[in-house]
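Protein chains in written order, with our numbering: chain A, 212 to 293; chain B, 85 to 327; chain C, 5 to 118.
Glycine residues also receive a C-beta, built at the ideal position from the N, C-alpha and C atoms.
Fair warning: this is a prediction, and the values are worked out from it, not measured in the lab.
This report refers to the structure that appears directly beneath it.
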Amino acid sequence: MDLFTLVSLILIIAMLIAAVVAAEIKDLLSAAIAMGIVSLIVSILFYILQAPDVAITEASIGAGLSLAIMIFAIKHTERWEK
Amino acid sequence: MKRILGGVIAVLIFIVLALAFVHIPFGNIDLAEYHYYNPVDNEHTQDSVPQHYLDEGKKETGSTNIVTAVVVDYRGFDTLGEVTVLFLASTGVGSIMYIFEKEKRRKVRRANAVVETASKLLFGFIILFGAYIFVHGHLTPGGGFPGGAVIASSFLLLYLAYPRFHAEHKNLNIAESLAGLTFVGVGILGLFLAGYFLYNFLPFGLPTYLFSAGVIPVIYVAVGVKVGSELTGIVDAMMGVRE
Amino acid sequence: MNWIFLILEIFGYIFIGIGSFFLLLASIGLLRMPDVYNRMQTATKATTLGALSVLFGIGLLDLNWMPKSLVIALFILLTAPVGASALARASYKAGIALWKGSVVDKYKEEKEEE
C-alpha cells in the first residue's frame with residue numbers, strides 16, 4: 212500500500228464518520244459542523260486527485276458559505292432535534 | 085427497527101432497479117464503431133472526447149486551463165444554464181426571507197473591536213483575491229464560481245462584524261443584471277459574427293498571458309460578478325437586519 | 005554558488021521541522037488542556053507559530069515561492085488571532101465557566117469596575 216492510498220483511505224474513513232455523525236446526532240449545530248468537516252475533507256480529496264478547480268469551489272462554498280447559512284438557519288429556529 | 089427495515093427495503097429496491105437498468109441500452113450504437121465524430125471538420129476519429137479536449141483544447145480555445153476551456157468554451161451554454169439556476173435560487177431565497185423578515189425584528193449584538201478592525205482591514209484584500217481568482221480563470225485553477233463565492237464570503241465577514249450592515253439591493257441587482265447581460269451579449273455577438281452562439285470571436289493571443297483565450301476571460305469575469313452578487317444577495321436575505 | 009542554495013535548503017528543512025514540532029505540541033495541547041479558553045490559546049498561539057515556521061521554511065527551499073509564502077504567513081497572522089478572540093468572547097458570553105484552576109478573570113473584573 213503506497214502513501215497515496217493510505218492518505219486517501221484515512222481521509223475517506225474520517226469523512227464517512229463525519230457523515231454518519233451529521234445524520235445521527237440530535238444537536239443540529241454539531242450536525243452542521245460535521246457537514247462542514249465532510250465538505251472540507253471532500254475538498255482535500257479533490258485536491259489530491261488533481262482537481263484543484265473543484266477543490267477551491269467546494270472549500271469556499273461547502274465549508275464556508277453554506278455552513279454559515281445553515282448556522283444562521285439554526286439560530287433562527289431551534290438547536291435540538293426532537 | 086423501523087429504520088433498519090426501511091434501509092433494507094431501500095437497498096432491495098436499489099438492487100432490483102440496478103439489475104433492470106443493466107440490461108437496458110440507452111441509444112443504439114455499434115460498439116465497434118465507438119468513436120468521436122467531429123461535426124466541424126466532418127471527420128471520424130478513434131479518440132475519445134476527453135482525449136480530444138486534452139490534445140486539442142489549448143489550440144482550439146487558447147486557454148491554458150483545460151477545465152476552464154471545457155466549462156466556458158465547449159460547454160458554455162451549460163454554464164449559462166447553471167448561472168440561471170443560481171439566479172433562480174437567489175430570487176427564491178430573497179422572496180421567502182423577505183416575508184420572514186417583515187414578521188419579526190431581531191435583537192442585534194455588537195461584535196468586539198478586534199473583529200471590527202480586522203474585518204475592515206481584510207475586506208478589501210478578500211475582494212481582491214476573489215477578483216484575482218476569476219480574472220485569472222483561464223490561466224490558473226479557479227474561475228467565476230469560486231471567485232464569486234470568495235467575494236460573497238468577504239461580505240459575510242462584514243455582516244458578522246457589523247450587525248447593522250446591509251448591502252444595497254439596488255446595487256447588487258445592477259451588478260447582477262449587467263453581468264448576465266454581458267454573458268448573453270457576448271454569446272449573441274458570436275452568433276452574429278461567426279454563426280455560433282458563444283463563438284470565440286476575439287483573437288486568442290499568446291497562451292499563458294493575461295490577455296489571451298479570446299472571450300473566455302470576459303465571460304468568466306461576468307460569471308464571477310454574477311455569482312458574487314447572487315450569493316451576497318442570499319447572505320443578505322439570511323442575515324441582514326432591516327430598520 | 006551552489007553551496008548557498010544547499011545551506012538555504014538545510015535551513016528550510018530546519019524551519020519546517022520546528023514548525024511541525026509546534027503543530028504537534030498544539031494538537032497534544034488540544035487534547036490535554038482542561039477548558040475551552042486554554043484549548044483556544046494552544047490552538048491559536050502554537051498553531052500560528054508552527055504554520056508561520058513551515059511557510060518560511062517552504063519559502064527557503066525554493067526562493068521563487070518566498071513572496072507567496074510570506075503573503076500567506078501575513079494572512080494567517082492577521083486572521084488566526086481574530087478568529088480565536090471572537091470564539092473566546094462568544095463562549096464567555098454563552099456562559100461557559102472557567103476551569104477551576106484559573107486564577108485571573110480580567111473581563112469579569114472590568115465588568116465589576118464599571
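As assigned by DSSP and simplified to three states, the class of Trp291/A: Here Trp291/A sits in strand by DSSP.
Whole-angstrom C-beta distance between Ala215/B and Gly226/B, which should lie under 8 Å: With a beta-carbon spacing of about 11 Å, Gly226/B and Ala215/B fall beyond the 8 Å limit used to define contacts.
Residues near Glu327/B by beta carbon distance below 7 Å, same chain, minus five either side: Any answer about Glu327/B is weak, because its pLDDT of 46 lies below 50 and its placement is not dependable; what the coordinates show is given next. Spatial neighbours of Glu327/B in its own chain (CB-CB distance under 7 Å, excluding positions within 5 residues in sequence) are not present.
Ala319/B and Val86/C closer than 8 Å at C-beta: Note that residue 319/B is Val in the sequence shown, not Ala. For Val319/B and Val86/C, no; Cβs fall outside 8 Å.
Candidates Pro287/B, His220/B, Gly176/B: closest to Thr148/B by CA position: Cα-wise, what sits closest to Thr148/B is His220/B.
Exposure label - Asp66/C; buried when at least 16 CB within 10 Å: That one is exposed.
Segment contact flag, the stretch 239-247 of chain B with the stretch 268-278 of chain B, C-beta cutoff 8 Å, min 3 pairs: No: fewer than three Cβ pairs fall under 8 Å.
Cα-Cα separation between Thr216/A and Ser254/A, rounded to whole angstroms: The alpha-carbon atoms of Thr216/A and Ser254/A are separated by roughly 17 Å.
Neighbourhood of Ile121/C by C-beta, 6 Å cutoff - its chain only, sequence neighbours within 5 removed: No answer is possible for residue 121/C: it lies beyond the span of chain C, which begins at 5 and ends at 118.
Anticipated Cβ contact below 8 Å, Gly274/B with Phe288/B, distance rounded: The beta-carbon separation of Gly274/B and Phe288/B, rounded to 14 Å, does not stay under the 8 Å limit for a contact.
Under the three-state DSSP convention, the category Asp238/A falls into: It is a strand residue.
Beta-carbon proximity check, Ala278/B vs Ser313/B, cutoff 8 Å: For Ala278/B and Ser313/B, no; Cβs fall outside 8 Å.
Expected contact under 8 Å - CB spacing of Ile300/B and Thr201/B to nearest Å: Under the criterion of beta carbons closer than 8 Å, Ile300/B and Thr201/B do not qualify as touching, at roughly 39 Å.
CA-to-CA distance, Met85/B to Phe229/B, given in whole angstroms: One alpha carbon belongs to Phe229/B, the other to Met85/B, and they sit about 44 Å apart.
C-beta neighbour in chain B for Val86/C, strict 8 Å: Look at Val86/C: its C-beta is under 8 Å from a C-beta on chain B.
C-beta neighbour in chain B for Phe257/A, strict 8 Å: False, the Cβ-Cβ gap to chain B never drops below 8 Å.
Distance between beta carbons of Met44/C and Ala92/C, contact taken as under 8 Å: Right, their Cβ atoms sit about 5 Å apart.
Selection of the stretch 260-287 of chain A by Cβ proximity to chain B, strictly under 7 Å: For chain B, the residues of the stretch 260-287 of chain A that bring a beta carbon within less than 7 Å of one of its beta carbons are Pro263, Asp264, Ile267, Thr268, Ser271, Ile272, Gly275, Leu276, Ala279, Ile280, Phe283, in chain order.
Leu214/A, buried or exposed, once every other Cβ within 10 Å from all chains shown has been counted against 16: Counting Cβ neighbours within 10 Å, Leu214/A comes out exposed, since fewer than 16 surround it.
Which listed residue (Tyr17/C, Val40/C, Ile18/C, Ala50/C) has its alpha carbon closest to that of Ala98/C: Among Tyr17/C, Val40/C, Ile18/C, Ala50/C, the Cα nearest to that of Ala98/C is on Val40/C.
Segments of 4+ residues assigned as alpha helix (DSSP H) that fall wholly inside the stretch 63-118 of chain C: Fully enclosed alpha helix (DSSP H) runs of 4 or longer: 70-97, 110-117.
Nearest-angstrom Cα separation, counted from Leu82/C out to Leu205/B: Roughly 9 Å between the two C-alpha positions.
CB contact check: Met85/B to chain A, cutoff 8 Å: No - not a single Cβ of chain A is within 8 Å of the one on Met85/B.
Neighbourhood of Ala50/C by C-beta distance below 6 Å, restricted to the same chain and skipping five residues each side: These residues qualify, in order along the chain: Phe26, Leu29, Ala30.
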